[in-house]
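Okay, so the sequence shown: first residue is 13 according to the working numbering, each after it adds one.
Shown next, in C-alpha cells, is the structure this report addresses.
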Amino acid sequence: MFNCSNELCIEWSWVCDGYKDCSDGSDETKDMCDRYEDGTNMTMDCGRIRIKNQVISKKDNEESKVKAPWHVEIFRLYEGLHFYVCGGTIIAPNLVISVAHFFLKSSMISTNTSMNYDLYTICVGFCDRRLPKIINNDFTQTMNVEMIYLGEGYDGSYNQDIAVIVLANKVPFINGLAAPVCIDWNKKYNLVNGDQGKVFFSKSPLEDDYGLIFLEKNSSYINYKTCRRMHLSNDSSFPVFLKYMNFDKFCATVDLDESKFHKTVRRIYGTGIMFLHSSSYFLTGVDILSDDLTNSTMIVGYTDIKYHVDWIRGILNKHLTVKSCVLPTVEGVVYSYVDSNETLPHGTLIDHNLHVIENCEVGYHRAYPSPLRYCREKGKWLSNSEKLCFKMCPPLESDSLDIKCSYNGKYSNCSNLSIPDTIATLSCKPTFSAPNCQEDTPLELHCQSNGIWNKPLYTCKPDCGRVYNIKSMVLINNGEKAIVGTAPWNVGLYRFNKKKFDYDLKCGGSIISPNLVVSAAHCFEAILSSENIISINDGGYKIAVGKYDRNITIIDNEFTKIINVVTVYVKEGYHGYRWFFTDDIAIVVLQNRVYFNNGVAPVCIDWNGKYNEANGDQGKIFGWGATENASSSPNLLEASLPYIDYSSCRKSYKNGFENYVTVDKFCAGSELGNKIFKHSILLNHYIVLSYYFLRVL
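Laid out in C-alpha cells, this is it:
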C-alpha cells in the first residue's frame, strides 16, 4: 500500500496514474512520478532488491546471489542450442536495454533502426552459460525476443551504441527474482565525478570458463570530458579507447582488488551501471568497452542513458500496454484464485476482470475476514481492505515471570503468537523478586504492528533462603510433623550401585544457583583423582530436588525432579581422611537447570562475609540421617542445632574427634546430648543458620 501524506492508504498501482487518489494529491507529485514514464503507471516498483542474499547456486565455496533482479543474459539460438551473446537490463515487463554492436548485421543499412529477430532469447535468474540449452526452473526463466531496436544513428562504431529489446512475452516479476530497474525519464538526477554506482561482473575459478559467479562491485563515475583528459595524458592503449568515447558516453573506474582477478573476472558487455536515488536503483549507462588503468583498476566506457531517454520512451509507449495487474509484494500476504488452493507468487500478472483472494502466512494476523482483489482495466486493483496481514509477536515465556495476556479485554494465551495490540502484564513469580532496576509493580508490554513487543522481558532474581509452606507431609522433627517447603534448597545426591543396579542415597547438598549444588568432597571419594575437576558422563551420579523420601524411584510431589551430574569441582587441598577432611567441599554442576518454585529454591550465600555467628545461635540442619534412636529415616530429617565455634568445639570434644575439627570447620550441638550430635555429624552434610549456607560437614 502507498501511504499518502495525510496518512490515508491507496494501492501502489494508483500512484502516478493521472488521478489524485490521495485527497492531498501526494500520489501525483512530480518527485513521486519522476520514476514513471510520462506519468503512466507501470504497476511495478522499480529499482528495488526484493530478495536479500538468496543463494541460487554454489561452486568452489563461492556463492551467486540475486543482487540485481533486473539483469538478464542474452543468448542466440542455433540448431536448438543456446550461445551466449551479452547482458542486458530489464526496464519494463517486456523491454530490455543492451548494446547495439552485438546485433548489427553486415547487410544492414545504417538507416534501419529496427529488425525482426526470432533467433534470440533472454534468460532471467541463474543462467549457466556453459550449458548447451537453458532449461526453465524455479530460478531460471527464458523469454523469446520479438524485436530489437538499435540506437538512432548507430553505424557500428560505438556511436549511439544502445539497443532496446522487445520480448515476445512479459517477464514474470515473481518473488523478487526478476524486477525492473528505474529510468530517470525527466533527467532529474545529475552525477558528479566520484559518485559511486553499482556494477556486476561474472567470475569463474577457471581462466578458460565464461564465469558463473555474479560479483557486485562499486564503480566511481567520471564524466565525458574528464575521462578524455585522463586518457590523453596516458601512454598506453588509450588512444584506441578514446576513439569510441564520443559525446553520449561517460566512464567509471572499478577496483578489482588484486591483479589475479583479471584472469577470472569478466565484464558483462551490455549490462548496466546503476546509481541509487531515493532508495531505488536507476539505470544510468550501458557497458560498451573497457581498458586497464593499472594492474588492479579497470576503466569502463558506458553509453549514457540520458541522451536516449526520448527514443526509449517512444518504444516503451509503442510496446507497453498495461492490461494485467501485478500482484504486489506485501510482507505476510499470500494470494490465490477463487476456488483454488494454489498459491500465486508475488509479482504474478493477473488478467483484468479476475478476482484474487488474499490471505496471511503463518505468523501473521488477518485483519479482515474475506479480503478480495479485483483487477480492473489499465492494471488497477480494486481491493476491499487496506493493510491485511500484521506480523504477530513471538510467544512470551519466562522461568521467573508470571505473564498474563489480554486482547481487547479478553484472555489470550501468552505461550502462543500474539496479535498486535495484545497487552502482556508481567510480575515476578512468588519465589522471585524484581531486579534492582525494576519496580515490583506489574509492567505492561504492548504487541506492536511490526510484530515486536515494545519492551524486552526482564529477569526476576530468585529469592534465596526462603521457607515456603505448601502442604502437610510427615517429616521428622523430633517426632513432630513438618511440611513440604521447609528446605526447598535441599537435594539428595545418589550414586549408581552396579551390584543392585539401582541408585543409593550417598549425600545431601544445597542448591545455590539453577545449575549448581554445594556438597561434600568425600561424597565423591569413589571417583576422586589427582585432578580437581571430575567429568561424569555415564549417569553415575544424580541429584534429586524437591525430594523428601530417600527412595529415588518415589516421586514425592510436583516439584520432584531427577537431574544428572555432569561435573564436580573439588576444593584444592582436599586429601580425604589423611588430612582429616580439610577442605571437604565440592561444587556440583547439573546437566539441566533447576526451575525455581515454592518447592525448589536456592539457599543464600554470605558472599561478603557480612554475618558473624555467635555460640548458641540456632541453625537448621536437614538430611536423611539417623534419629536419636540411631535408626535410619526414610524421610527427610529436620533439626535445630546451636552454633559452636572452632575453638570451643575442639576444647569440648576429645577422644580424637578434635583432630577432624580443622581450621575450616565449626560444630553444632544438640540439647539431646552427644549422641544425636554424633549421628548428625556423620549422616547429615550441611548446616544452615538463618537460612544462610555456612559449612559442609
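We treat Cβ as the ideally placed atom computed from N, Cα and C, and that holds for glycine.
These numbers come from a predicted model, not from an experiment.
Ser38 - DSSP class collapsed to helix/strand/coil: coil
Ile710 versus Pro81 - alpha carbon distance: Since the first and last residues shown for the chain are 13 and 709, residue 710 lies out of range.
Endpoints, beta strand (DSSP E) assigned at Leu517: 514–525
First through last residue of the beta strand (DSSP E) which encompasses His377: 376–378
Simplified DSSP state of Trp636, which is helix, strand or coil: coil
Alpha-carbon to alpha-carbon, Ala190 and Pro105: 9 Å
CA nearest to the CA of Gln153, picked from Ser547, Ser664, Phe87: Phe87
Buried versus exposed, by CB contacts within 10 Å (16 or more), Tyr90: exposed
Chain-order list of residues whose beta-carbon lies under 6 Å from that of Ser122 (same chain, five-residue window excluded): Its pLDDT being 40, under 50, Ser122 is placed unreliably in this model, and the value from its coordinates should be taken loosely. Asp167, listed in sequence order.
Reduced DSSP category for Val108 - H, G, I as helix; E, B as strand; rest coil: strand
Residue range of the unbroken alpha helix (DSSP H) whose run includes Tyr330: One detail in the question is off: residue 330 reads as Lys in this sequence, not Tyr. From DSSP, the alpha helix (DSSP H) with Lys330 extends over 321–331.
Coarse secondary structure for Phe294, derived from DSSP in three states: strand
Spatial distance of Glu389 from Leu328 (CA atoms): 19 Å
Under the three-state DSSP convention, the category Phe115 falls into: coil
Cys337 beta carbon less than 8 Å from that of Cys387: yes
Spatial neighbours of Pro646 in its chain, beta-carbon cut-off 8 Å, leaving aside the 5 residues before and after: Asp561, Arg562, Asn563, Trp636
Under 8 Å between C-beta atoms of Gly297 and Gly282: no
Buried or exposed (CB count within 10 angstroms, at least 16 for buried), Leu268: buried
CA nearest to the CA of Asn171, picked from Asp514, Met257, Asn428, Phe115: Met257
Alpha-carbon spacing of Leu701 relative to Asn624, whole angstroms: Low per-residue confidence applies at Leu701: pLDDT is 34, beneath 50, and the placement is therefore not dependable, though the value from the model is reported in the following sentence. So the alpha carbons of these two residues sit roughly 10 Å apart.
Secondary structure of Gly168, DSSP reduced to three states: coil
Residue nearest to Glu570 in terms of C-alpha spacing, selected from Leu93, Val612, Asn620: Val612
CB of Asp475 within 8 Å of CB of Thr434, strictly: no
Same chain, Cβ closer than 7 Å to Glu228, five either side skipped, listed in chain order: Lys79, Lys210, Phe212
Gly284 (DSSP reduced to helix, strand or coil): strand
Three CB pairs or more closer than 8 Å across the region 409–428 and the region 464–478: yes
Element boundaries [beta strand (DSSP E), containing Ser660]: Element bounds for Ser660: not the beta strand (DSSP E) but the alpha helix (DSSP H), 658–664.
CA nearest to the CA of Lys580, picked from Val183, Leu505, Lys559, Ser652: The displayed chain sequence assigns Val, not Lys, to residue 580. When only C-alpha atoms are compared, the closest one is Leu505.
Identity of the residue in His358, Lys261, Ala651, Ile369 nearest Lys237 by Cα: Lys261
Distance, Phe253 Cα to Gly165 Cα: 20 Å
Ile656 versus Arg662 - alpha carbon distance: 10 Å
Residues bridged to Val204 [DSSP beta-bridge criterion]: In DSSP, Val204 forms no bridge with anything.
Under 8 Å between C-beta atoms of Val350 and His367: yes
Cβ-Cβ distance between Thr360 and Pro184 below 8 Å: yes
Test item: CB-CB of Gly163 and Ala175 under 8 Å: yes
Between the CA atoms of Pro447 and Thr437 - distance to the nearest angstrom: 16 Å
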